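Report on one structure; see the data block that follows.
Number of protein chains: 2
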Amino acid sequence: MAKAVVLLSGGLDSATVLAIAQARGFDCYTLSFDYGQRHRAELAAARQISRRVRAVEHREMEIPIGAIGGSALTDETISVPDDGGDGIPVTYVPARNTVFLSLALAWAEVLGADAIFIGVNAVDYSGYPDCRPEFIEAFAALAALATKQGVEDGAVAIEAPLVSMTKADIIRAGTEAGVDYALTVSCYRADDAGRACGCCDACRFRRDGFEAAGLADPTRYQLGDSAS
Amino acid sequence: MAKAVVLLSGGLDSATVLAIAQARGFDCYTLSFDYGQRHRAELAAARQISRRVRAVEHREMEIPIGAIGGSALTDETISVPDDGGDGIPVTYVPARNTVFLSLALAWAEVLGADAIFIGVNAVDYSGYPDCRPEFIEAFAALAALATKQGVEDGAVAIEAPLVSMTKADIIRAGTEAGVDYALTVSCYRADDAGRACGCCDACRFRRDGFEAAGLADPTRYQLGDSAS
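So the sequence lines, in the order shown, correspond to chains U and E. The opening position of the first sequence corresponds to residue 1 in our numbering, with each subsequent residue numbered one higher. The opening position of the second sequence corresponds to residue 1001 in our numbering, with each subsequent residue numbered one higher.
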């Protein structure tokens, strides 16, 4: 069986990607990062999702990008706004996907994996530069040159199956593949129990996605009326 | 003053790069990684070098690539050979420079730095894929796309001034720039006091470099006769 490292944040997109990778026949090794994010409920969600779908192995790596600062997601002194506004929002975490993919690349090489899956999405996204197809292509080109595996046995594939899908498309595809979205946490301000604020960018994209897909939203909200 | 993040392992090459960056007028922010390497004396060397040359700030980041395994430098069950032999040697650490540069990129973005300096060298090197000019070029292309800084203000430069220099050239350049090589630790099997084994690839390249440069080798060896 071909092996894949799947970046699994515990959110809706990465849970869908994991289901897609499994449906394509990959033995999946899931990888989450503890980077000092304030929405730590997503780490518990990632563990639960990995167990539920019987990933071969789940790893949680601690990395110091939170200590570097520069983002509302890691710095308690910068608040998460309800609306990201124009341009790249303050929830952007400097070089986050580059760091995530680099560590996935290291693990993929040791495993002899054929692919790395990442749930970036350039349509219903928040304007992050490292969610665009050109970023993924540049990382794939780097990966082919960066490792012993790449030089000797051919490059690992960098798979971003959601990159051109709308949130509604993602939710439809995941629902067909059997994803239990009740387990996933997307909210930037989720409480420890994984309940969503209903107001941040991530919550809005998610709620609009379920609505556009015509599917029931299983998200648990902190306040019954905040999602209305 | 322009700012630069300088990857500083504590070895000969990175100490030289730091001197070059300072000579070019950069305010230098030095960055070392604790990745479970067995030659931990290099971390102490990096701290000492940063203090000596008055780097603006020195950071040591802990990263989990050691736990991933796959290298004699991080896995106690794989021994460091005296001679790397043909091909890519067992001292290769999976995706190490990709991970290092990614974290440097994150810090550079938060600092608003203009350049990242790295001491890779493709001449007197050990056959590592991530020490080649094509790897550096691919990372620079990635960095331009990966960050808010790259998209909004232009890409950070990835500077690898040693990439085409021989070890002797590096030692001559560093000596002119005032590097105190007695502070640096290159050996893969250095003891806690930073004394070198004299036999591993890294020791051989270093010793041959001083000889070819016609300069005295200030390296402290574990055994007086091992360097003869």
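All C-beta atoms in this analysis are idealised placements derived from N, C-alpha and C, irrespective of residue type, glycine included. From a predicted model like this one, the values you see are computed outputs, not experimental measurements.
Own chain residues within Cβ distance below 6 angstroms of Q48/U, not counting five before or after: The residues are L183.
Contained beta strand (DSSP E) runs [length at least 3] in the segment 77-130 of chain U, N- to C-terminal order: Segments of the beta strand (DSSP E) lying fully in the segment 77-130 of chain U: 115-117.
Neighbour-count burial assignment, M61/U, 16 or more Cβ in a 10 Å radius: By the Cβ neighbour-count rule, M61/U is buried, with 16 or more other Cβ atoms within 10 Å of its own.
8 angstroms Cβ cutoff met for V179/U and W107/U: The answer is no: Cβ separation not under 8 angstroms.
Rounded distance between the beta-carbons of A95/U and S1102/E, thought under 8 angstroms: That belief holds up - the Cβ atoms of S1102/E and A95/U are roughly 6 angstroms apart, short of 8 angstroms.
Residue range of the unbroken beta strand (DSSP E) whose run includes S1032/E: For S1032/E, the uninterrupted beta strand (DSSP E) segment begins and ends at 1027-1034.
Nearest residue (CA-CA) to L223/U, options C199/U, A157/U, A19/U: When C199/U, A157/U, A19/U are compared, the shortest CA-CA separation from L223/U is found for C199/U.
Where L1142/E meets chain U, residues with beta-carbon distance less than 9 angstroms: In chain order: T98, F135, A138, F139, A141, L142.
R59/U in three-state terms, based on DSSP: In the displayed model, R59/U falls within a strand according to three-state DSSP.
Contact under 8 angstroms by Cβ, L1073/E with R1038/E: When the beta-carbon positions are compared, L1073/E and R1038/E come within less than 8 angstroms of each other.
Under 7 angstroms from the C-beta of I1158/E: neighbouring residues of chain U: By Cβ distance, chain U contributes nothing, its closest Cβ being about 11 angstroms from I1158/E, past 7 angstroms.
Y1181/E - DSSP class collapsed to helix/strand/coil: If DSSP states are grouped into helix, strand and coil, Y1181/E belongs with the helices.
First and last residue of the uninterrupted beta strand (DSSP E) at A1143/E: That residue, A1143/E, is in no beta strand (DSSP E); its alpha helix (DSSP H) goes 1133-1146.
Ranges of the alpha helix (DSSP H) found wholly within the segment 1146-1224 of chain E, counting only runs of at least 4: Counting only runs that start and end inside the segment 1146-1224 of chain E, the alpha helix (DSSP H) elements of at least 4 residues fall at 1148-1153, 1167-1176, 1201-1213.
Chain-order list of residues whose beta-carbon lies under 8 angstroms from that of L1215/E (same chain, five-residue window excluded): Cβ within range, chain order: I1171, R1172, T1175.
Rounded separation between V1185/E and S1014/E - CA only: Separation of V1185/E and S1014/E (C-alpha to C-alpha, rounded to the nearest whole angstrom) is 10 angstroms.
Inter-residue Cα distance where the pair is D75/U and G11/U: Their backbone Cα atoms lie some 20 angstroms apart in a straight line.
Buried versus exposed, by CB contacts within 10 Å (16 or more), D153/U: Burial call: exposed.
Neighbour list for I1068/E in chain U, Cβ cutoff strictly below 7 angstroms: Per Cβ cutoff of 7 angstroms: A106, W107, V110.
Buried/exposed call for D192/U, threshold 16 Cβ in 10 Å: The residue in question, D192/U, is exposed, as its Cβ has fewer than 16 Cβ neighbours within 10 Å.
Neighbour-count burial assignment, S1032/E, 16 or more Cβ in a 10 Å radius: The Cβ neighbour count for S1032/E, taken over all protein chains shown within 10 Å, is at least 16; the residue is labelled buried.
The alpha helix (DSSP H) enclosing V1005/E, as first and last residue numbers: V1005/E: not part of any alpha helix (DSSP H); member of the beta strand (DSSP E) spanning 1003-1007, first to last residue.
Per-residue DSSP class, three states only, for D75/U: In the displayed model, D75/U falls within coil according to three-state DSSP, outside both helix and strand.
Residues, ordered as in the chain, of the segment 52-81 of chain U that lie near chain E by beta-carbon distance below 7 angstroms: Hits within the stretch, in order: M61, E62, I63, P64, I65, I68, G69, G70.
Interface flag, T147/U vs chain E, CB-CB below 8 angstroms: By this cut-off, T147/U is an interface position.
Alpha carbon of A212/U to alpha carbon of A177/U, nearest angstrom: Going from the Cα of A212/U to the Cα of A177/U covers about 18 angstroms.
Environment of S1228/E [buried if 16+ CB atoms lie within 10 Å]: Here the model assigns S1228/E a pLDDT of 41, short of 50, so the residue's position is not dependable, and the following value carries that caveat. Exposed, since its Cβ has fewer than 16 Cβ neighbours within 10 Å.
D130/U at chain E interface by Cβ criterion, 8 angstroms: Yes, contact with chain E.
Where I288/U meets chain E, residues with beta-carbon distance less than 9 angstroms: Given that chain U is displayed from residue 1 to residue 228, the structure contains no residue 288/U and the question cannot be resolved.
Cα-Cα separation between E1159/E and D208/U, rounded to whole angstroms: About 44 angstroms.
Cβ neighbour criterion (16 or more within 10 Å) applied to T77/U: Its Cβ having fewer than 16 others within 10 Å, T77/U is exposed.
Closer than 8 angstroms to chain E by CB, S9/U: Taking Cβ atoms only, chain E never reaches closer than 8 angstroms to S9/U, which makes this a no.
Closest by C-alpha distance to T89/U, when choosing among V17/U, D130/U, L105/U, L111/U: In the sequence as presented, Thr is not what sits at residue 89/U; that position holds Pro. Minimum Cα distance to P89/U is reached at D130/U.
Own chain, CB closer than 6 angstroms to E1109/E, minus 5 neighbours either side, in chain order: Excluding sequence neighbours, E1109/E sits near T1147, Q1149.
Contact check, A1190/E vs A1041/E, beta carbons under 8 angstroms: In this structure, A1041/E lies closer than 8 angstroms to A1190/E by Cβ.
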